[in-house]
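Chemist: Okay, handing you the structure first.
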Amino acid sequence: MIDGRALDIRFRMLEPRELAAAMGFPADYAFTGNRTDVVRQIGNAVAVQTARWLCLALLGGTVGPATLPEAEAVAA
């Protein structure tokens, strides 16, 4: 509010499906609970691609990059 007047800043909250898509969840991924629960689940999740990169980096350090598929190799 400015001088007692409400201003429309044209801001909206993202829908749970939009949040899930931004985090890399498949469109058909099933969440449980109410809207608040779903938003919390999405917010507490690790982005799919980030988890993938992290796992590949950990595997690359233990089994060696030669055992990882070429496109999946992650620089240490």
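Take 6 as the starting number for the sequence shown in my numbering and just add one per residue. No residue lacks a Cβ here, since even glycine has one placed at the ideal position from N, Cα and C.
Tell me the rounded alpha-carbon separation between arginine 42 and alanine 50.
Modeler: Numbered from 1 along the sequence shown, position 37 holds the residue referred to as residue 42. Numbered from 1 along the sequence shown, position 45 holds the residue referred to as residue 50. What sits at residue 42 in the sequence shown is aspartate, not arginine. Answer to the nearest angstrom: the Cα atoms are 12 angstroms apart.
Chemist: Report all residues from its chain with a CB closer than 8 angstroms to the CB of proline 21; omit the five preceding and five following residues, and keep chain order.
Modeler: Along the sequence shown, one-based indexing puts residue 21 at 16. So the list reads Phe36, Arg40, Val43, Val44, Ile47, once near-sequence residues are dropped.
Chemist: Ordered along the chain, which non-local residues of its own chain (more than five positions away) have a Cβ less than 7 angstroms from that of alanine 52?
Modeler: Taking the first residue of the sequence shown as 1, we reach residue 52 at position 47. Answer for alanine 52: Met28, Gly29, listed in chain order.
Chemist: Could you give the distance in angstroms between the alpha-carbon of tyrosine 34 and the alpha-carbon of alanine 62?
Modeler: Your numbering for residue 34 matches position 29 in the sequence shown. Your numbering for residue 62 matches position 57 in the sequence shown. Distance between the alpha carbons of tyrosine 34 and alanine 62 is about 26 angstroms.
Chemist: What do you get for alanine 25, buried or exposed, if any count of 16 or more other CB atoms within 10 angstroms of its CB means buried?
Modeler: The residue labelled residue 25 in the question sits at position 20 within the sequence shown. The residue in question, alanine 25, is buried, as its Cβ has 16 or more Cβ neighbours within 10 Å.
Chemist: Run through DSSP, which three-state label would arginine 22 get?
Modeler: Working through the sequence shown from its first residue, we reach residue 22 at position 17. If DSSP states are grouped into helix, strand and coil, arginine 22 belongs with the helices.
Chemist: Does any residue of chain B bring its CB to less than 8 angstroms from the CB of methionine 28?
Modeler: No chain B appears in this structure, which consists of one protein chain only.
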